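Numbering (my numbering), first residue to last: 647 to 952.
Right under this line is the structure:
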């Protein structure tokens with residue numbers, strides 16, 4: 647089965663990852679589908695181990711920075727194309743190269759124009775990295791993600807019967823999405839206190855605000871993968887963690903949260919269907935950053951992990 651998956655990705659790209667196919671899609675989109683192919687979404691693996699589960703090592707090297715066609719997704723009557731690269735989050739920080747990012751963005755922009763799509767979106771930390779490097783000037787991912795997370799917080803409060811003025815701790819508040827979310831919530835009059843944590847300064851600030859201990863509190867994780875582990879040891883039982891970081895918390899992190907007597911949710915994303923399905927806790931939805939529509943409260947999916 648694993649070889650079928652790996653060979654399938656290679657065959658699909660040999661047959662269809664060409665301008666003639668995208669021109670055909672563009673013709674269909676303009677003349678028959680009436681613009682229903684709205685966007686493109688670039689994903690990357692959570693780890694090198696995840697990469698090996700989907701592609702052979704030699705092919706992974708080939709598509710490290712070159713987007714490969716890997717699937718499709720649908721939201722309501724709108725469609726998107728999924729592309730993937732084999733570079734991981736570690737590669738983005740360790741092997742940061744503006745020229746590679748420019749070529750990656752340029753390739754996707756070219757395909758977007760050919761198929762007559764409206765937008766191209768990037769998964770995980772890529773929107774922030776591209777913006778920081780000056781590769782892109784605006785982010786379609788940020789608005790959808792901020793709206794979806796704000797709605798996920800309200801859904802969480804209802805499910806856990808938490809007070810409407812429950813304090814909110816945002817881990818990663820100085821990040822690309824975190825900063826915009828905090829500003830959005832404050833502008834909209836969030837009823838509880840909002841406490842921001844920049845992971846670079848958390849040691850100096852003492853980590854989680856101790857004055858909230860024992861109170862029903864929402865802890866929102868928006869920072870890089872694995873950073874949540876640094877805060878679990880000081881979580882209290884009345885707190886509820888909600889994760890919007892790719893990938894979802896590991897088994898070890900969930901066990902540690904459970905030992906603290908706390909609950910943990912994950913933002914799956916928005917209602918939609920993808921082929922193949924997104925992995926792990928993202929299965930059954932479309933990641934917020936891939937959204938082709940303006941998220942509504944009824945579209946947001948959160949999943950209780952513990």
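Where a beta carbon is used, it is the ideal one built from N, C-alpha and C, also for glycine.
A quick note: this is a predicted structure, and the numbers were derived from the prediction, not measured.
Residue 863 has 885 as its beta-bridge partners, per DSSP. Beta-bridge analysis with DSSP links residue 842 to 816. Apart from sequence neighbours up to five positions away, the residues of its chain that approach residue 700 with a beta-carbon distance below 7 Å are 651, 652, 655, ordered along the chain. In chain order, 810, 811 place their CB closer than 6 Å to the CB of residue 837, counting only its own chain and leaving out the 5 sequence neighbours on each side.
When beta bridges are read from the DSSP output, residue 911 appears opposite 888, 950.
By DSSP's assignment, residue 720 forms a beta bridge with 725, 919. Contact between residue 935 and residue 767 is confirmed by a C-beta separation of about 6 Å, below the 8 Å threshold. Bridge partners of residue 685 according to DSSP: 726, 765. According to DSSP, residue 714 shares a beta bridge with 730.
Within the same chain, 712, 713 come within 8 Å of residue 753 by CB-CB distance, once the 5 residues on both sides are set aside. In this structure, DSSP gives residue 653 a helical state, which the three-state scheme calls helix.
For residue 789, the enclosing alpha helix (DSSP H) covers residues 786 to 805.
A distance below 7 Å separates the beta carbons of residue 864 and residue 886. Less than 7 Å divides the Cβ of residue 888 from the Cβ of residue 802. Here residue 892 is buried, its C-beta having at least 16 other C-beta atoms within 10 Å. The C-alpha of residue 911 lies about 34 Å from the C-alpha of residue 743.
The shortest CA-to-CA distance from residue 920 to any of 829, 693, 665, 720 is the one to 720.
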